[in-house]
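S.K.:
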Amino acid sequence: MKIRFCLNEKDMEIETRPDRRVVDLMREDMGLTGTKESCGSGECGSCTILVDGETRLSCIMLAAQLDGRSITTIEGISGVEGLHPLQEAFIEHGAIQCGFCTPGMVLTSLDLMGLKPCPTREEIREAISGNLCRCTGYQKIVDAVEAFASKRKVPQQ
Amino acid sequence: MRPVFLANNINELWDMLRQHPEAAIYAGGTDLLVRMRRGIIDPSALICLERMDCLRGVREDGDRIFIGACTSHTALLADPIVRRHFPVLARAVSRLGSPHIRNMGTIGGNIVTASPAGDTLPPLYVLGTTVEIMSMEKTRRLPIKDFIKGPGRTDLGPGEILAGVWIKKDQPFNILSFEKIGQRKALAISIASLAALLRVSEEGIIEEARLAWGSVGPTVAISEEAESSLAGKRLEPGALSEAARIAMDAVSPIDDVRASKAYRRLVSGNLILRLGAGLDENALRPAWPPIAG
Numbered sequence: 019m020k021i022r023f024c025l026n027e028k029d030m031e032i033e034t035r036p037d038r039r040v041v042d043l044m045r046e047d048m049g050l051t052g053t054k055e056s057c058g059s060g061e062c063g064s065c066t067i068l069v070d071g072e073t074r075l076s077c078i079m080l081a082a083q084l085d086g087r088s089i090t091t092i093e094g095i096s097g098v099e100g101l102h103p104l105q106e107a108f109i110e111h112g113a114i115q116c117g118f119c120t121p122g123m124v125l126t127s128l129d130l131m132g133l134k135p136c137p138t139r140e141e142i143r144e145a146i147s148g149n150l151c152r153c154t155g156y157q158k159i160v161d162a163v164e165a166f167a168s169k170r171k172v173p174q175q
Numbered sequence: 006m007r008p009v010f011l012a013n014n015i016n017e018l019w020d021m022l023r024q025h026p027e028a029a030i031y032a033g034g035t036d037l038l039v040r041m042r043r044g045i046i047d048p049s050a051l052i053c054l055e056r057m058d059c060l061r062g063v064r065e066d067g068d069r070i071f072i073g074a075c076t077s078h079t080a081l082l083a084d085p086i087v088r089r090h091f092p093v094l095a096r097a098v099s100r101l102g103s104p105h106i107r108n109m110g111t112i113g114g115n116i117v118t119a120s121p122a123g124d125t126l127p128p129l130y131v132l133g134t135t136v137e138i139m140s141m142e143k144t145r146r147l148p149i150k151d152f153i154k155g156p157g158r159t160d161l162g163p164g165e166i167l168a169g170v171w172i173k174k175d176q177p178f179n180i181l182s183f184e185k186i187g188q189r190k191a192l193a194i195s196i197a198s199l200a201a202l203l204r205v206s207e208e209g210i211i212e213e214a215r216l217a218w219g220s221v222g223p224t225v226a227i228s229e230e231a232e233s234s235l236a237g238k239r240l241e242p243g244a245l246s247e248a249a250r251i252a253m254d255a256v257s258p259i260d261d262v263r264a265s266k267a268y269r270r271l272v273s274g275n276l277i278l279r280l281g282a283g284l285d286e287n288a289l290r291p292a293w294p295p296i297a298g
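Order-wise, the sequence lines are chains A and B.
When we follow my numbering, the leftmost residue of the first sequence carries the number 19, and every step to the right adds one.
When we follow my numbering, the leftmost residue of the second sequence carries the number 6, and every step to the right adds one.
Rendered as structure tokens:
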């Protein structure tokens, strides 16, 4: 099946099985291994991507559903100048331990701040409640998102 | 290879169903695709409803509200009509899954999955919801309690889809509660839940009670006996204890990985006791100051 979509701001047209999971398509066919798979059943948030700017779990989404959509993976948020300032904030605040949940945490936080530019700690916690960190580094992740939001002058999305 | 069809409108959907009558239908995929991945089901084709705009959204129609089956939980939570008329449903949806699951999952999917732990089901039961079922030939409506037949089983026949739900607005309840017991706040499959609507007079007398429990039976558990035991009584611990005792006998929980049968039975009763104790925190529209004790 031919699928057309926009991936990290590039228009794509690919031939793939319509029932291929989006997480497999990204990691294995597109080589975008920043999207992680952990539980494979929609319960951990590691495979979070943005579809038209809103979070989706790529382990419970099929390739056919991408047609006509705009997809952002973690690889799509950093520019030629380097990491996204939210990624820098994660590093600065020690919000990354093993790093496996980080792409999902970052994309989920960007979705939140698209809706609420200056979220409270409670709103950040609620927004990332579907992203599990098995290193349990939640405080520092919330610190990073909060610091990024308060420092940022121009809204990102 | 398994074909996946994206229906954009109702005529496309009927064509797809005619050509692939054995196809599995999904909207968010949060249940179906997980079961497919685990090998529990192996459909030969899939039809995805996520682009069916005609099955999405909330609209007022006379004294009723229609909620399209493909309305996502996130959209329900943000909807001013739902928040105003059905806060008990909004409260349950706010505890469903996680933000990502709420972005993907739909109210219709939650109903058709017919899980004993489906979080929208107890509130839809107490609200007296009617489901609307469509096929190419006809549209029919029936009460949700008759639509859900058992765990994972509904009254949907071949060629039929759930189009949405009808709920009467301006229901005369002034105390509402939805509580879900799980191991954590987000991403928890409920161990037991209770949706409750009470109509309480200015004097503090319960005039009508509607109660529905999740996860403590093969489908949503209801107890007319517990409801009628509250009618005419003051909303205070004595009446609630009596209803709790009746409820513990009325539910039919099982032991599973999440909790024991005995614990679920006890919690089903105790959730009723909380209708009095947690009023200020738990009721969204308390009609009068909570009674002490």
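Cβ atoms here follow ideal geometry from the backbone N, Cα and C, with glycine treated the same way.
Is the region 175-195 of chain B in contact with the region 117-130 of chain B, if contact means three or more CB pairs nearer than 8 Å?
M.R.: Flag = yes, the region 175-195 of chain B and the region 117-130 of chain B touch.
S.K.: So residue 16 of chain A packs on residue 71 of chain A, CB below 8 Å; how close in whole Å?
M.R.: Residue 16 of chain A cannot be examined here, being either before or after the span of chain A that is shown, 19 to 175.
S.K.: Should residue 24 of chain B be labelled buried (16 or more other beta-carbon atoms within 10 Å of its own) or exposed?
M.R.: Exposed is the call here.
S.K.: By DSSP, does residue 43 of chain B sit in helix, in strand, or in coil?
M.R.: Three-state DSSP puts residue 43 of chain B in coil, outside helix and strand.
S.K.: I want to check one thing, is the minimum distance from the CB of residue 267 of chain B to the heavy atoms of the ligand FAD below 6 Å?
M.R.: This structure does not include the ligand FAD; it has no bound ligands of any sort.
S.K.: Which of the residues in the region 68-82 of chain A, read from start to end, lie with their CB under 7 Å from any CB of chain B?
M.R.: Under the 7 Å Cβ criterion, the region 68-82 of chain A contributes 72, 73, 74, 75, 78, 79, 80 and 82.
S.K.: Here's a check: name, in chain order, each residue in its chain whose Cβ is nearer than 6 Å to the Cβ of residue 272 of chain B, leaving out the five neighbours to either side.
M.R.: For residue 272 of chain B, where only same-chain residues beyond five positions count, the Cβ hits under 6 Å are 186 and 197.
S.K.: Going along chain B, which residues have a C-beta under 7 Å from residue 61 of chain A?
M.R.: Chain B residues near residue 61 of chain A: 192.
S.K.: Count the C-beta pairs between the region 265-281 of chain B and the region 230-243 of chain B that are closer than 8 Å, then say yes if the count reaches three, no if not.
M.R.: Contact between the region 265-281 of chain B and the region 230-243 of chain B is present, because at least three Cβ pairs lie under 8 Å.
S.K.: Looking only at its chain, what residues have a beta carbon closer than 7 Å to the beta carbon of residue 155 of chain A, apart from the 5 residues adjacent to it on each side?
M.R.: If we look at residue 155 of chain A and ignore the five residues flanking it on each side, its Cβ neighbours are 113 and 115.
S.K.: Name the residues in the region 16-49 of chain B whose C-beta lies less than 7 Å from a C-beta of chain A; which are they?
M.R.: Result list: 34, 35, 38, 39 and 42.
S.K.: Applying a beta-carbon distance threshold of less than 7 Å, which residues of chain A neighbour residue 57 of chain B?
M.R.: None at all; the shortest Cβ gap to chain A is about 13 Å.
S.K.: Please report the distance separating the alpha-carbon of residue 65 of chain A from that of residue 28 of chain A.
M.R.: So the two alpha carbons sit approximately 20 Å from each other.
S.K.: Can you give me the start and stop residues for the alpha helix (DSSP H) that residue 99 of chain B sits inside?
M.R.: Taken as a continuous stretch (DSSP letters only), the alpha helix (DSSP H) holding residue 99 of chain B covers 92-99.
S.K.: Could you check if residue 262 of chain B is buried or exposed, using at least 16 other CB atoms within 10 Å of its CB as the buried criterion?
M.R.: So residue 262 of chain B counts as exposed.
S.K.: What distance in whole Å lies between the Cβ atoms of residue 141 of chain B and residue 168 of chain B, which are believed to be in contact at a cut-off of 8 Å?
M.R.: About 12 Å; that fails the 8 Å criterion.
S.K.: Is it buried or exposed, residue 102 of chain B, if we count other Cβ atoms within 10 angstroms and call 16 or more buried?
M.R.: With 16 or more other Cβ atoms within 10 Å, it is buried.
S.K.: Applying a beta-carbon distance threshold of less than 7 Å, which residues of chain D neighbour residue 58 of chain A?
M.R.: No chain D appears in this structure, whose protein chains are A and B.
S.K.: Using 8 Å for Cβ pairs, my map puts residue 155 of chain B next to residue 224 of chain B. What's the rounded Cβ distance?
M.R.: Right, the Cβ-Cβ distance comes to about 6 Å (below 8 Å), so this counts as a contact.
S.K.: Is the shortest distance between the beta-carbon of residue 108 of chain B and the beta-carbons of chain A less than 7 Å?
M.R.: Interface residue, yes.
S.K.: Report, in whole angstroms, the separation of the C-beta atoms of residue 215 of chain B and residue 201 of chain B, which I expect to be a contact under 8 Å.
M.R.: Going by Cβ atoms, the distance from residue 215 of chain B to residue 201 of chain B rounds to 7 Å, so yes, they are a contact pair.
S.K.: In angstroms with no decimal places, state the Cα-to-Cα distance between residue 123 of chain A and residue 157 of chain A.
M.R.: So the two alpha carbons sit approximately 13 Å from each other.
S.K.: Verify whether the separation of the beta carbon atoms of residue 118 of chain B and residue 170 of chain B is less than 7 Å.
M.R.: Not a contact, by the Cβ cut-off of 7 Å.
S.K.: Quick one, which of B/145, B/86, B/12 and B/221 has its alpha-carbon nearest residue 66 of chain B's?
M.R.: Comparing Cα positions, the closest option is B/86.
S.K.: Spatial neighbours of residue 50 of chain B within its chain, please: CB distance less than 8 Å, with the 5 preceding and 5 following residues excluded, ordered by chain position.
M.R.: Result list for residue 50 of chain B: 7, 8, 9, 10, 25, 27, 28 and 29, in chain order.
S.K.: By DSSP, does residue 286 of chain B sit in helix, in strand, or in coil?
M.R.: Here residue 286 of chain B scores only 43 on pLDDT, less than 50, and its place in the model is too uncertain to base an answer on.
S.K.: Indicate the three-state DSSP secondary structure (helix, strand or coil) for residue 376 of chain B in the structure shown.
M.R.: Because chain B spans 6 through 298 in this model, residue 376 of chain B falls outside it and cannot be assessed.
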